[in-house]
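Numbering (this note's numbering), first residue to last: 33 to 420. For glycine and all other residues, C-beta sits at the position ideal for the given N, C-alpha and C. Input: a single structure, listed below in C-alpha cells.
Put into C-alpha cells, the structure is as follows:
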C-alpha cells in the first residue's frame, strides 16, 4: 500500500494571502525570517488579516538561514508559553522549516531532536495547533511537503526531518511575495525546484500520482526560470506555481543523493542549498543513469532535447542543466564555488559518510556506499565525468 499526502487546502494566485481573514481560531504565532517580509509589508498584511479574523497574534522573527536546533527549541518554548491554535510561517524555506520543527516540540516538549530526525517516526500532531505555510521564494516547496531541514552547527550537519505529520494544513501560494526575490535567490531556488522535480521522477517511491506533477514542474521550470531570472513578472508568478508542483511530487516520491550531498556540504562548506543542488545534479544524473537511464531520457523527451538513444538523451539533459547554471552565473564544480582543495580533502570522508546516512539516500534509485560517495564528490570537486 502506498500513500499520497498534501495540505488540506492550497490557496494560490494573486491576493490569496487574504485567505487568512477567514480563519477560525483564538491565537496565532507567526514565524518569519529576516527583514524582507517586514520591509515589503507582507508581515504587516499577515498580522492585519489575522486580527480581522479576531485572532491574537505573536511574532517569532529573525529566523536565520539554515535554522539551528537552538532556534527551534527557543521557538517551541515561546509557543508553549503563548499556546497558539494556529502556527503561521511566512518567508523562504528557513522560517517555514523552523516553524514545522517548533510545532513538534510545542506539542511534545519531552520529545528529543534525536527522535525527531528518525524518518516517519513523529507522534501525532495537531493536538494543540494547525499549520499554515506562506512561501516567499520559488524553490523549496516546503509549504506542501512532509519535510523540514534543521542544522546542528555543533556537528556541522543538516538533518532532514521527514514525516507526513508536518505537512501543513494550509498552503497559501501567493505569487506577489515572490516578486521581491533578488536574482541570485531566483537562481538558487529555481535550481532547487528543478532538482526536486527530477529527483522525484526517478526516486524509489515515485508513482502514477507523483510523476505528472514532477514532469509538469520540469516543463514549467524550463519555460519560465530564465525569464524569471531576467525580471519577467509573469514568469515569476509561474515559477511560484512550478516549485509548488515539484514540492507535491517529492514530498510523496521522496528525493535522492543530490539532496543528501547538499545537506551534508551546506553546513561544512557554507554552500546555499539551491546552489549545491545546481552543482551536484548533473553528476548525480551521470551516476544514477546506470540504473534508470530511461527515466532521465523521458525527461529529455518532454523537454524536446536532442538525442536518438537513451544515453544521448541523458547527455542532453546533463548539458541542459549545466547550461542553466551558466546562464545564471552558477558554479559547475565545488572548486568553482571556491571550496579550497585542502578544505575539501580534509572533510571528504566526513561529508561522504554523513551523506550516505542522510534520509534522502534511501530513496535514491541507485545504491551508494561511503567509498563510492567519496569518488562521486571528487568528480564534482574537479568536474570529472562520472564513469563508475
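Note down, in chain order, each residue of its chain lying with its Cβ closer than 7 Å to the Cβ of residue 376, except the 5 sequence neighbours on either side.
Mapped onto the chain shown, residue 376 falls at position 344. Excluding sequence neighbours, residue 376 sits near 366, 413.
Restricting to runs no shorter than 4 residues, where is the alpha helix (DSSP H) found entirely within the region 298-354?
As far as the region 298-354 is concerned, its whole alpha helix (DSSP H) runs of at least 4 residues are 305-334.
Just the Cα atoms here: how many angstroms apart are residue 46 and residue 163?
Residue 46 sits at position 14 when you count from the first residue of the chain shown. Residue 163 sits at position 131 when you count from the first residue of the chain shown. Here the alpha carbons of residue 163 and residue 46 stand approximately 21 Å from one another.
Taking a contact to mean a Cβ-Cβ separation below 7 Å, would you say residue 274 touches residue 249 in this structure?
As a working mapping, residue 274 is identified with position 242 in the chain shown. As a working mapping, residue 249 is identified with position 217 in the chain shown. Annotated as proximal: residue 274 and residue 249, with beta-carbon spacing under 7 Å.
At a cut of 8 Å, does the region 287-294 reach the region 376-396 through at least three beta carbon pairs?
A contact exists between the region 287-294 and the region 376-396.
Can the beta-carbon of residue 384 be found closer than 7 Å to that of residue 420?
Within the chain shown, the letter at position 352 stands for residue 384. Within the chain shown, the letter at position 388 stands for residue 420. Their beta carbons are not under 7 Å apart, which means residue 384 does not touch residue 420 by this criterion.
DSSP puts residue 73 in a beta bridge; with which residues?
Numbered from its first residue, the chain shown carries residue 73 at position 41. Residue pairing of residue 73 in beta bridges, as defined by DSSP: absent, with no partner found.
At what residue ranges does the region 99-153 contain a whole run of the beta strand (DSSP E), taking only runs of 3 or more?
You should have 118-123.
List the endpoints of the continuous beta strand (DSSP E) containing residue 183.
Reading the chain shown from its first residue, position 151 is the one you call residue 183. It spans 179-184 - the beta strand (DSSP E) in which residue 183 sits, taken as one unbroken run.
Would you kindly report the start and end of the unbroken beta strand (DSSP E) that includes residue 162?
In the chain shown, counting from the first residue as 1, residue 162 sits at position 130. Counting along the chain, residue 162 sits inside the beta strand (DSSP E) bounded by residues 162-167.
Sequence-distant residues of its chain with Cβ nearer than 8 Å to residue 100 (five each side left out)
As a first step, residue 100 is located in the chain shown; it is residue number 68 there, counting from the start. Excluding residues within five positions, the ones whose Cβ falls inside 8 Å are 182, 183, 184, 185.
Neighbourhood of residue 388 by C-beta distance below 8 Å, restricted to the same chain and skipping five residues each side:
Residue mapping note: residue 388 aligns to position 356 of the chain shown, counting from 1. Closer than 8 Å at Cβ, skipping near neighbours: 292, 400, 401, 402, 405.
Residues in the same chain with beta-carbon distance under 6 Å from residue 116, minus the five sequence neighbours each way, listed in chain order, please.
Numbered from 1 along the chain shown, position 84 holds the residue referred to as residue 116. Taken in chain order, the residues that qualify are 59, 60, 61, 161.
Would a C-beta distance cut-off of 7 Å place residue 64 and residue 119 closer than the cut-off?
To locate residue 64, count along the chain shown from 1; it is residue 32. To locate residue 119, count along the chain shown from 1; it is residue 87. No, the pair does not count as a contact, with Cβ atoms beyond the cut-off.
Candidates 140, 191, 147, 144, of which the one nearest residue 156 by Cα
Counting from 1 along the chain shown, the entry for residue 156 is found at position 124. Looking at the Cα atoms, 140 is the closest of the given residues.
According to DSSP, simplified to helix, strand and coil, what is residue 259?
Position 227 of the chain shown holds residue 259. Judged by DSSP in its simplified three-state form, residue 259 adopts helix.
Measuring only between beta-carbons, confirm whether residue 63 sits less than 7 Å from chain C.
Absent from the structure is chain C; it holds one protein chain and no more.
On a CA-only basis, which of 189, 222, 238, 352 is nearest residue 422? Give me that one, please.
Nothing in the structure corresponds to residue 422, since the chain is present only between 33 and 420.
So what's residue 376 in DSSP terms, helix, strand or just coil?
Position 344 of the chain shown, counted from the start, is the residue given in the question as residue 376. Note: residue 376 maps to helix in three-state DSSP.
Given this structure, state the Cα-to-Cα distance separating residue 310 from residue 219, to the nearest angstrom.
For the purposes of this step, residue 310 is identified with residue 278 of the chain shown, where counting begins at 1. For the purposes of this step, residue 219 is identified with residue 187 of the chain shown, where counting begins at 1. Straight across, the Cα-Cα distance linking residue 310 with residue 219 is about 9 Å.
Measuring alpha carbon to alpha carbon, tell me which residue in 339, 170, 329, 196 is nearest residue 234.
Numbered from 1 along the chain shown, position 202 holds the residue referred to as residue 234. Distance check between residue 234 and each of 339, 170, 329, 196 places 329 closest, using alpha-carbon atoms only.
Which of helix, strand or coil does DSSP assign to residue 224?
Residue 224 sits at position 192 when you count from the first residue of the chain shown. Correct three-state label for residue 224: helix.
Supposed contact pair residue 143 and residue 283 - C-beta distance, whole angstroms, cut 8 Å
The residue given as residue 283 occupies position 251 in the chain shown. The residue given as residue 143 occupies position 111 in the chain shown. With a Cβ gap of about 22 Å, residue 283 and residue 143 do not count as contacting.
Cross-strand partners of residue 194 (DSSP beta bridge):
Along the chain shown, one-based indexing puts residue 194 at 162. Answer is 179.
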